[in-house]
RNA sequence: GCGCGCAUGGCGGAAUUGGUAGACGCACUAGACUUAGGAUCUAGCGAGCGAUCGUGGGGGUUCGAGUCCCUUUGCGCGCACCA
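Residue numbers (our numbering): 464 to 1285.
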């Protein structure tokens, strides 16, 4: 028996689709739009199974929505700036541009072999000057709005990538791309004021109902909003006031010391001329050489040094010693913390190490806690003690009262802090969008004139992999004239973090070839938001928060119509094999090329969609792939066998007997199931299993005595239609075999008939005390009372009940009758 | 440490609102066709001879729990000195 010739079939239809521009999309106000987007790839050159899964999911949704009558935007492009291209240049001497463009060509070929319904005319590549011109333009708009600024700061520095990193790109103290331990460096860098948007980024999360909770929680934690108070402490012997941030102002009477971050600029003023000066300097020096991993490796064990200075507690008037310690972070709050050892574990550890007093000020009324001999900090709620006039007050009430008091006294205020930091966007690398800023000795930093954009990446550069950006080696790039005063000036040589490029590409897709604007307002108004976004959960914080920030900032600039870019988000699960993530080092990688070559794209897509729901892990199984391949062959044979009966049969059918009835039932049930699963629930695995059931049913039906050709035609054609979003090539071929001249993609999605789903008879279960005893068929539509009477009147039922007393009868029509006996 | 998620046959998974647990597929077993089959078709396939027992363990709510509540174990993921 022959296999279907997937090689020729897939090539044939891919060619046809391309020639007919089948997937070309234009704005059409008369139709409801649907924007389905998969996260665009970095063009590494090789497609992996994660990509295949991502794009298969997106393609089913896109094809389904199209057939369901929507005007579908389904684009694809490349996030094509980034380090690998530059590393290839350093290692092999190839131009980053050449390397990238050839990879993109290769990946496009691979993507096209998958039969994805992309409108390639809208494709973007972020490294194209016609794209990064608008990236630069957006940067300038942000700059003019005050959202971009340059500042010298200690920054995260990856020694291996030889560049700075954003906070979000540092994972466990290591570079998220290469894994090197990240150090600190003092550099002058460009930042985006994402912290201005912290509250909106947080609050809007509640409205993103189509987002997985997990992602929203991750973003929420990353933004890390905490409400508290800033309180001023006088420094003894110095004309200075130190402000601390605390969320537990209710514990202020228990403050027994003050701690300040080693990097804090005020430390110098504290120690100047004291006898502790040398010791403190040595400690600061030591701390400055530690990276984040070393600093956090000592959680629990606290280090620090006394500065020789004291602060005055504004409530008790007591003098408390000031210490320098590296458990206080310079970047959070004010970099100075009031130490309340009785109620904060870190302060407790510190007090124990330095033998500082521990004064409990909140009594939790817990017999397990001995306030006079605390074993650990007590964080529980309770009533205040040792707190003067506040004694006896509930501590949560006290927080409110104390903030009021502090504000009245003018020694502090209510304050909110975020873990979120401003976004460091400069990168000391070549292969990225040049930051379109110019430094003039007279005018300072000024943006390049918009009519001079794009600021082109120079090509006369050397790649050494060391020191500052390779752009510095260009003889043509740096020297320019000031756009304001016309005097000689120098260009910024850093490039932008590539996460900027990917923060607005979904807007460019709406109007990808616009040479006069980043995107046209009306086109963006028509297409946005993205109705369904699909990608890996690894972007939960980085990309998804940056893109939200961009959209909000662009909204504030009046350039887009919505505040949030992505209405619904689907985070697909990983593809694993033998219980482990596919990776070269484990050697369990399955190459998409190989699978598509051996079984075809339809089989690959079908398997990936059938093996697991999209948001879960997918366990790769070679035998499972063969099963999917067998199924497609089985469908293909079925069409071949019924072809002669079906072609020319009538377009409408009548139900003539029980065989007809059961086929019609199965057909409608399948349409319903696939419509629900492909249209909103996205459980493609159950959609496919339902199609498999229909195929099994048609196989049975074609052996019955009286074949109803018109019904069989409806069944087989509907089956092919609902299968076509999953495996488009074979469905096109079968559709053609059945005598249709036009693409199945242009067909309307079938509608199911609710009436056909009503059965004459239903199976009900008879339970005794909730245990299933018997199953039998009864007429459909019986009322509760009728069902109960019917069941209770049977001899079999009486036998089941026996001589026990019937306590209660629960009858659920269409489901069961439960007889409770004693 | 804090937060989130998951746990169902030999395996991937179904059960959408509390109502017949195991759909669909893989693997396996037997048979048919065949020179042969790793093709195809037919039948079987949670455990137990059986009554029955079965959704990680224990408890609860309910006529009825994979599904709801409490508790516990294991695994996975995220954050982690954020005052």
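Yeah, the Cβ is synthetic: ideal placement off N, Cα and C, and Gly gets one too.
These figures come from a predicted structure and were not determined experimentally.
From which residue to which residue does the alpha helix (DSSP H) around residue i run?
{"i": "residue 1065", "result": "1064-1073"}
{"i": "residue 1149", "result": "1147-1164"}
{"i": "residue 1351", "result": "As displayed, the chain neither begins before 464 nor continues past 1285, which places residue 1351 out of reach and without an answer."}
{"i": "residue 816", "result": "808-817"}
{"i": "residue 903", "result": "Careful: residue 903 lies outside any alpha helix (DSSP H), inside the beta strand (DSSP E) at 900-903."}
{"i": "residue 1198", "result": "1191-1200"}
{"i": "residue 546", "result": "546-555"}
{"i": "residue 918", "result": "Taken as a continuous stretch (DSSP letters only), residue 918 belongs to no alpha helix (DSSP H), as it is neither H nor E."}
Spatial neighbours of residue i within its chain, please: C-beta separation below 8 Å, excluding the five flanking residues on both sides.
{"i": "residue 1224", "result": "1240, 1241, 1242, 1243"}
{"i": "residue 476", "result": "578, 1191, 1192, 1195, 1196"}
{"i": "residue 830", "result": "none"}
Can you find the residues in the same chain that come closer than 7 Å, C-beta to C-beta, to residue i, ignoring five residues on each side of it along the sequence?
{"i": "residue 937", "result": "921, 923, 924"}
{"i": "residue 496", "result": "533, 534, 536, 989, 990"}
{"i": "residue 1247", "result": "1274, 1276"}
{"i": "residue 569", "result": "508"}
{"i": "residue 982", "result": "970, 971, 973, 974"}
{"i": "residue 1091", "result": "1066, 1069, 1070, 1073"}
{"i": "residue 464", "result": "In this prediction, residue 464 has a pLDDT of 46, which is less than 50 and means its spatial position is unreliable; nothing more can be read from the coordinates."}
{"i": "residue 1013", "result": "966, 967"}
{"i": "residue 1108", "result": "1170, 1172, 1175"}
{"i": "residue 605", "result": "611, 655, 1016"}
{"i": "residue 697", "result": "704, 774, 775"}
Looking at the strands, I want to know which residues DSSP matches up with residue i.
{"i": "residue 689", "result": "880"}
{"i": "residue 774", "result": "698, 783"}
{"i": "residue 541", "result": "588"}
{"i": "residue 1035", "result": "999"}
{"i": "residue 979", "result": "Bridge partners of residue 979: none, in fact."}
{"i": "residue 563", "result": "Partner(s): none; residue 563 has no beta bridge."}
{"i": "residue 875", "result": "694"}
{"i": "residue 1106", "result": "Note: residue 1106 sits in no beta bridge, so no partner."}
{"i": "residue 1081", "result": "1038"}
The beta strand (DSSP E) spanning residue i covers which residue range?
{"i": "residue 767", "result": "First-last for residue 767: undefined, no H or E at that position."}
{"i": "residue 912", "result": "From DSSP, residue 912 is part of no beta strand (DSSP E); its letter is neither H nor E."}
{"i": "residue 1274", "result": "1269-1275"}
{"i": "residue 954", "result": "951-954"}
{"i": "residue 1122", "result": "Here residue 1122 belongs to no beta strand (DSSP E); instead the alpha helix (DSSP H) covers 1121-1139."}
{"i": "residue 968", "result": "Taken as a continuous stretch (DSSP letters only), residue 968 belongs to no beta strand (DSSP E), being part of the alpha helix (DSSP H) at 968-971."}
{"i": "residue 612", "result": "611-621"}
{"i": "residue 703", "result": "703-709"}
{"i": "residue 1224", "result": "1224-1231"}
{"i": "residue 721", "result": "720-723"}
{"i": "residue 1281", "result": "1279-1284"}
{"i": "residue 799", "result": "799-802"}
{"i": "residue 536", "result": "534-536"}
What does a CB cutoff of less than 6 Å around residue i pick up in its chain, not counting 5 residues either side in sequence?
{"i": "residue 816", "result": "765"}
{"i": "residue 647", "result": "617"}
{"i": "residue 632", "result": "639"}
{"i": "residue 513", "result": "1038"}
{"i": "residue 996", "result": "500, 1029, 1032"}
{"i": "residue 695", "result": "704, 706, 874, 875"}
{"i": "residue 808", "result": "840"}
{"i": "residue 521", "result": "499, 501, 997"}
{"i": "residue 926", "result": "552, 553, 933"}
Pull up the CB-CB distance for residue i and residue j, whole angstroms please, since I reckon it's below 8 Å.
{"i": "residue 1296", "j": "residue 691", "result": "Missing from the structure shown is residue 1296; the chain here goes from 464 to 1285 and no further."}
{"i": "residue 898", "j": "residue 959", "result": "6 Å"}
{"i": "residue 862", "j": "residue 712", "result": "6 Å"}
{"i": "residue 786", "j": "residue 770", "result": "7 Å"}
{"i": "residue 1055", "j": "residue 511", "result": "7 Å"}
{"i": "residue 946", "j": "residue 901", "result": "6 Å"}
{"i": "residue 879", "j": "residue 756", "result": "With a Cβ gap of about 29 Å, residue 879 and residue 756 do not count as contacting."}
{"i": "residue 525", "j": "residue 1212", "result": "That belief does not hold up - the Cβ atoms of residue 525 and residue 1212 are roughly 13 Å apart, past 8 Å."}
Ignoring anything shorter than 4 residues or poking outside the segment 468-512, list the alpha helix (DSSP H) runs there in chain order.
469-482
Counting only runs of 4+ residues fully inside the segment 624-683, write out the alpha helix (DSSP H) ranges in chain order.
661-666
Residue ranges of each alpha helix (DSSP H) run of no fewer than 4 residues wholly in the segment 1233-1265, ordered along the chain?
Restricting attention to alpha helix (DSSP H) runs no shorter than 4 residues, the segment 1233-1265 encloses them at 1247-1255, 1258-1264, ordered along the chain.
Where are the alpha helix (DSSP H) runs, 4 residues long or more, that stay fully inside the segment 567-609, in chain order?
592-607
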